[in-house]
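Report on the structure given below.
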Amino acid sequence: MSRRCALPTSRWVLGLVFVLFLAPVALASPPPEVFTFGVAPQQSPSKLAGLWGPLLREISHETGVVLQFKTAASVEIFEKRLLNGDYDIAYMNPYHYLEVHRKLGYQPVVRARDRMLTGIVVTRRDAPYRKLADLSGQVLAFPAPTAFAATILIQAELARQHVAITPKYVSSHDSVYLDVAQGLFPAGGGIMRTFNALDPHVRDDLRVIYETRGYTPHAIAASPRVPADVVAKLQAAFEALGKNPQGRDLLAPLRIEGWVAAKDSDWNDVRDLCKTLIIKPVDP
């Protein structure tokens with residue numbers, strides 16, 4: 190006697206549809222992990238977002254590593270968050286790098302290529318000041334006590350030359366330049382990169398009267414919680430930026446020509462300097 194094939198029951202059909210519906214979800218990749226990227230607030234948060242946002246999006250596109258831009262309203266707030274380990278990866282001055290490397294184990298990823306970090310003193314173009322000694326007894330503007338080149342290097346040189354001044358901290362490099370340009374202070378500390386990035390109508394009102402010797406520049410460094418393979422991808426992508434026209438276009442607004450892989454000993458010149466400072470930002 191022949192057997193007829195039984196038709197599937199409605200319950201079986203619904204179950205099959207349910208399994209097929211869920212299959213793409215089960216096979217889908219998990220969402221990528223997001224890593225915070227802190228940027229030292231040398232300029233206003235909105236300006237920094239415009240400068241760094243396109244670059245970080247390109248790095249994320251090339252590596253598949255999602256980087257979320259972060260900064261702070263002032264250097265002091267940024268420093269507090271940095272030393273609290275709030276940022277997975279950060280662009281920071283040499284002093285801050287030495288601190289988070291020593292205290293939290295952050296490791297360098299890259300630094301600017303073919304560039305040394307110098308501090309500068311600016312004054313109004315029409316001001317009478319020509320050398321540091323001319324500023325004796327004045328109140329000078331600085332970004333923050335721990336701004337390495339714009340504050341620490343300048344104040345160390347003033348002390349070396351026995352030029353007594355009173356510092357006033359105004360939160361960012363751009364604030365220093367604007368305040369000096371407006372005549373609120375006779376002079377102030379900054380660095381060439383942020384000075385050259387100023388709007389021309391502000392920069393043209395200012396004049397550099399002193400520049401320090403150069404030191405290893407800012408670091409991009411990663412927290413030890415960032416996986417090694419992620420750090421390797423980011424390092425390769427940052428290095429590649431300076432080697433193609435699109436990458437160089439992204440770097441140009443930052444006044445950086447390119448990045449090179451960095452190692453901790455690159456900042457030994459800064460460590461040596463710290464041992465000679467009257468106020469030591471890092472334990473010797």
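With the numbering used here, the residue at position 32 of the sequence shown is 221, and numbering never jumps. The C-beta atom is built at its ideal place from N, Cα and C for all residues, glycine as well.
- Your pair Pro406 and Ala301 checks out as a contact, with CB atoms roughly 5 Å apart and the cut at 8 Å.
- At a Cβ-Cβ threshold of 8 Å, Gly253 and Pro220 do not count as neighbours.
- Between Ala411 and Asp277, the beta carbon gap of about 7 Å places them in contact (Cβ cut-off 8 Å).
- Residue pairing by DSSP puts Pro297 in a beta bridge opposite Ala410.
- Per DSSP, reduced to three states, the secondary structure at Arg396 is strand.
- Rounded to the nearest whole angstrom, the C-alpha separation of Leu466 and Ala345 is 7 Å.
- Here Gln350 has Leu321 as same chain residues with Cβ atoms under 6 Å from its own Cβ, once five neighbours each way along the sequence are excluded.
- Judged by DSSP secondary structure, Val223 falls within the beta strand (DSSP E) whose first and last residues are Val223 to Val228.
- A direct Cα-Cα distance of roughly 32 Å separates Val264 from Asn433.
- Here the alpha carbons of Gly378 and Gly431 stand approximately 29 Å from one another.
- For the pair Tyr280 and Ile409, the CB atoms are nearer than the 8 Å cut-off.
- Its chain contains Ile398 as the residues whose beta carbon lies nearer than 8 Å to that of Arg319, once the 5 sequence neighbours on both sides are disregarded; these appear in chain order.
- CA-CA distance, Ala429 to Lys422, rounds to 11 Å.
- Cβ-Cβ separation between Val391 and Leu367: approximately 6 Å, consistent with a contact (criterion under 8 Å).
- Residue environment: Gln424 is assigned as buried (16 or more neighbouring CB atoms within 10 Å of its CB, all protein chains considered).
- For Val310 and Pro332, the gap between their C-alpha atoms comes out near 12 Å.
- The alpha-carbon separation between His362 and Gln231 amounts to approximately 5 Å.
- Sequence-distant Cβ neighbours of Arg396 in its own chain, meaning closer than 8 Å and more than five residues away, are Val311, Thr312, Arg313, Arg314 and Ala316.
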